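Structure record follows, encoded as structure tokens.
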Amino acid sequence: MIWIGTSWKMTKTLAEARAFVDGLVARRNAVDGVRAFVLPPHTAIAAVRERLPADVGVIVGAQNAHWAAGGAYTGEVSMRMVADAGATMVEIGHSERRDHFGETDDDVARKVSAAVAAGLTPLLCVGEPEEVRAVGGELEWVAGQVRLGLSRLAPRDRHRVVVAYEPVWAIGDAGREPRPGEIAPVMALLSAGCVPGERIEVAAVLYGGSVNLRNAESLLDVPGTDGLFVGRAAWRVEDFVELIRIGSGAGQSEGKGRRDVGAAW
Ligand code: PGA
Numbered sequence: 091m092i093w094i095g096t097s098w099k100m101t102k103t104l105a106e107a108r109a110f111v112d113g114l115v116a117r118r119n120a121v122d123g124v125r126a127f128v129l130p131p132h133t134a135i136a137a138v139r140e141r142l143p144a145d146v147g148v149i150v151g152a153q154n155a156h157w158a159a160g161g162a163y164t165g166e167v168s169m170r171m172v173a174d175a176g177a178t179m180v181e182i183g184h185s186e187r188r189d190h191f192g193e194t195d196d197d198v199a200r201k202v203s204a205a206v207a208a209g210l211t212p213l214l215c216v217g218e219p220e221e222v223r224a225v226g227g228e229l230e231w232v233a234g235q236v237r238l239g240l241s242r243l244a245p246r247d248r249h250r251v252v253v254a255y256e257p258v259w260a261i262g263d264a265g266r267e268p269r270p271g272e273i274a275p276v277m278a279l280l281s282a283g284c285v286p287g288e289r290i291e292v293a294a295v296l297y298g299g300s301v302n303l304r305n306a307e308s309l310l311d312v313p314g315t316d317g318l319f320v321g322r323a324a325w326r327v328e329d330f331v332e333l334i335r336i337g338s339g340a341g342q343s344e345g346k347g348r349r350d351v352g353a354a355w
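Structure below.
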């Protein structure tokens, strides 16, 4: 099954979050046939979870959580707390967290293993900056981020992890849309497993960064792509549902979204 998800980043009040959910519920039939997920800001996780009927089948997650079980970490929330609020997934290592909040690969690794320990599905974000792409270093960069991000996780738990390839140069208002051919080698590498001689089998490999209604189909067509992780273009519920429709269509093609998370769902 194809994955279509969105992080709302630092947008949406509670009223806006509820309106989005109501719009989604009104179009609930469209959600069948894809694995859809929404990552609200922490303030709205519980409200979104409570308002979304379980049978609509949309996964709710967090955009970040701390690796420690609890304690003196002012301003942070733990994996257990986001799970308690209704999250079953947690985004980890987004480039904005790495850039603005100084998250290192080791912080990311701690969070991935804490997420799994708390029963959450980690959504591990990786991707190279423009200057690395400019010298052709993207495969090595991304493989390194995945290796380090999973380094504190027992190999038997890797199948619980969803990886999102999000090149930094493609993300956000300053980003540019990728051509399918630009991302294809990285998606092929990630879907095949990153370490030569060792297969890192994860639950799914998604693409994210300047996805929109026009390019979604061609990006989903890139071999090895199990879904899309979308920011701006999915913040209107009508557009999110349209992306879900596109994902559902792509999911009909053979070999798409073939991996599964098994027991986690
Ligand atoms: P964007 O963001 O779709 O707005 O480029 C993607 C992301 O940061 O995950």
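Residue numbers (the working numbering): 91 to 355.
The beta carbon of each residue, even a glycine, is placed where N, CA and C say it ideally should be.
Remember, predicted model here, so these are calculated numbers, not experimental data.
Sorry if obvious, but does the Cβ on Arg187 come closer than 6 Å to a heavy atom of ligand 1?
no
If we ignore side chains and look at the alpha-carbon of each, how far apart do Glu272 and Gly161 end up?
Cα to Cα, the separation comes out at about 44 Å.
Roughly how many angstroms lie between the CA atoms of Arg269 and Arg108, to the nearest whole one?
35 Å
Report yes if the CB atom of Val202 is closer than 7 Å to the CB atom of Leu213, and no otherwise.
7 Å or more divides the Cβ of Val202 from the Cβ of Leu213.
Quick check: is any heavy atom of ligand 1 less than 6 Å from the C-beta of Gly283?
no
I need the DSSP call for His184, collapsed to helix, strand or coil.
If DSSP states are grouped into helix, strand and coil, His184 belongs with coil.
Do Val320 and ligand 1 come close, with the Cβ less than 6 Å from some heavy atom?
The answer is yes for Val320.
Return yes when the Cβ of Glu267 is within less than 7 Å of the Cβ of Gly217, no when it is not.
Cβ distance not < 7 Å, so Gly217 and Glu267 don't count as in contact.
Can you confirm whether the region 125-135 touches the region 174-186 when touching is taken to mean that 3 or more C-beta pairs between the two stretches lie within less than 8 Å?
Yes: at least three Cβ pairs fall under 8 Å.
Tell me whether Ile334, by its Cβ, gets closer than 6 Å to a heavy atom of ligand 1.
No; taking the cut-off as 6 Å, the Cβ of Ile334 has no heavy atom of ligand 1 nearer than that.
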